[in-house]
C-alpha cells in the first residue's frame, strides 16, 4: 500500500508526462501549420538530398507513433488517478523514471533545431532521444518480460515502434549531417554509404529480434527500407539499383530472422 506522498508524487509525475507529450504534439503541429522558421519539415529534408531518405508516405508512421504514445499517456494518468492498481502504478512510474518526459522535450527541441537547420545539433539530440528510448526499453524489459495485456498494449507496443523508427531515423540524421558538411563524394560513394546504412539498420533489427525478442522494432525497419526502395525505384536511376537490391535483401533477411525467432520461441 502506497503512502499519500507517494501517490501525490506519481500523480504529479503523470501530469508532467502529459504536459510534455502535449508540448511535443503542439511543436509537431506548429512545424507544419506555421511553419517554424518559414519551412515545413519536409522542405528542410529536401534541402539535404540523400539516397537514404525514404518516400514521403513512409513518414505516416509518425501518426501511429503519436497515437500509441497517447495511449500510454492516458494509461499512466488512469493508473495515477484511479487508485485501482497502486502496485502497477508504482512499478510503471519507477521503471519510466523521467525518460518519457526527456524524450518528449528532446523530440520538440529537435524540431526547432531542424527547422533552423542546426543539423549537427539535431544529431546530438536524436542520439539523446535514442538513448532515452533504449533505457525505457531496458527498464521495462520490453521483449523479455511477460507483462499483462494493458502494459503490453500501452507500453511495450508504443515504445517498440518508437524506438524502431528512431533507430533508423538516427542513421538518416547522420547521413543528412554528411550532406550538410559537404561530404557527399561521388555517386558511387553515396550509393555505398546508403547500402552501409541499410546493412547497419538490418544488423540492429536482427539484434533486437534475437537478443531482445522485439519483432515490432524490426518491422518498423522493414517499413523504412520499403520506403527507401520505392523512392529509389521511382527515381529510376540505374546507378542506384544496388540500393533497391540492398533493401530487398535487408527486408528478406529480417523476415527470415523473424520467422526463425517465431519458430524457435515455443521450443525455448
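Numbering (this note's numbering), first residue to last: 1 to 268.
For each residue, glycine too, the CB sits at the ideal point set by N, CA and C.
- [ ] Evaluate residue 42 with the Cβ neighbour count: other Cβ atoms within 10 Å of its Cβ, from every protein chain shown; 16 or more gives buried, anything less gives exposed.
- [x] exposed
Task: Beta carbon of residue 106 nearer than 7 Å to that of residue 125 - done: yes
- [ ] Jot down the residue ranges of each uninterrupted alpha helix (DSSP H) in the region 12-91, minimum 4 residues, whole runs only, in chain order.
- [x] 41-46, 61-82
- [ ] Drop a sphere of 10 angstroms on the beta-carbon of residue 190, count the other beta-carbons inside from all chains shown, and report buried for 16 or more, exposed for fewer.
- [x] buried
TODO: Give a yes or no on contact between the region 150-164 and the region 206-218, applying the rule of three or more CB pairs nearer than 8 Å.
DONE: yes
Open item on the list: Taking the alpha helix (DSSP H) that residue 240 belongs to, which residues open and close that run?
Closed with: Taken as a continuous stretch (DSSP letters only), residue 240 belongs to no alpha helix (DSSP H), as it is neither H nor E.
- [ ] Express the C-alpha separation of residue 102 and residue 178 in angstroms, rounding to a whole number.
- [x] 27 Å
Task: Counted within 10 angstroms of its Cβ, other Cβ atoms place residue 245 as buried (16 or more) or exposed - done: exposed
Open item on the list: Whether or not the region 194-206 and the region 141-150 are in contact is what I'm after, with contact meaning three or more pairs of Cβ atoms, one per stretch, closer than 8 Å; do they touch?
Closed with: no
- [ ] For residue 18, decide whether its Cβ has a neighbour in chain C, counting only Cβ atoms nearer than 7 Å.
- [x] In the structure shown, chain C does not exist; there is a single protein chain.
TODO: Quick one: residues in its chain with C-beta nearer than 8 Å to the C-beta of residue 71, no 5 flanking neighbours on either side, listed in chain order?
DONE: 153, 154, 158
Open item on the list: Counting C-beta neighbours from all protein chains within 10 Å, is the total for residue 31 16 or more, i.e. buried, or is it exposed?
Closed with: buried
Open item on the list: Here's a check: name, in chain order, each residue in its chain whose Cβ is nearer than 7 Å to the Cβ of residue 123, leaving out the five neighbours to either side.
Closed with: 173, 174, 177
- [ ] Figure out for me which residue from 26, 87, 60 has the closest Cα to the Cα of residue 7.
- [x] 87
Task: Contacts around residue 230, its chain only, beta-carbon distance under 6 Å, and the 5 residues preceding and following it disregarded - done: 55
- [ ] Determine, using beta carbons only, whether residue 17 and residue 81 come nearer to each other than 7 Å.
- [x] no
Task: Endpoints, alpha helix (DSSP H) assigned at residue 228 - done: 215-235
Open item on the list: Quick check for students: name the residue ranges of the alpha helix (DSSP H) that lie wholly in the region 143-209, counting only runs of 4 or more.
Closed with: 157-181
Open item on the list: residue 221 and residue 201 - do their beta-carbons sit closer together than 7 Å?
Closed with: yes
Task: alpha helix (DSSP H) segment containing residue 112, residue limits - done: 99-115
- [ ] Could you give the DSSP three-state label for residue 262: helix, strand or coil?
- [x] helix
Open item on the list: With the cut-off set at 7 Å, would you say residue 108 and residue 121 are in Cβ contact?
Closed with: no
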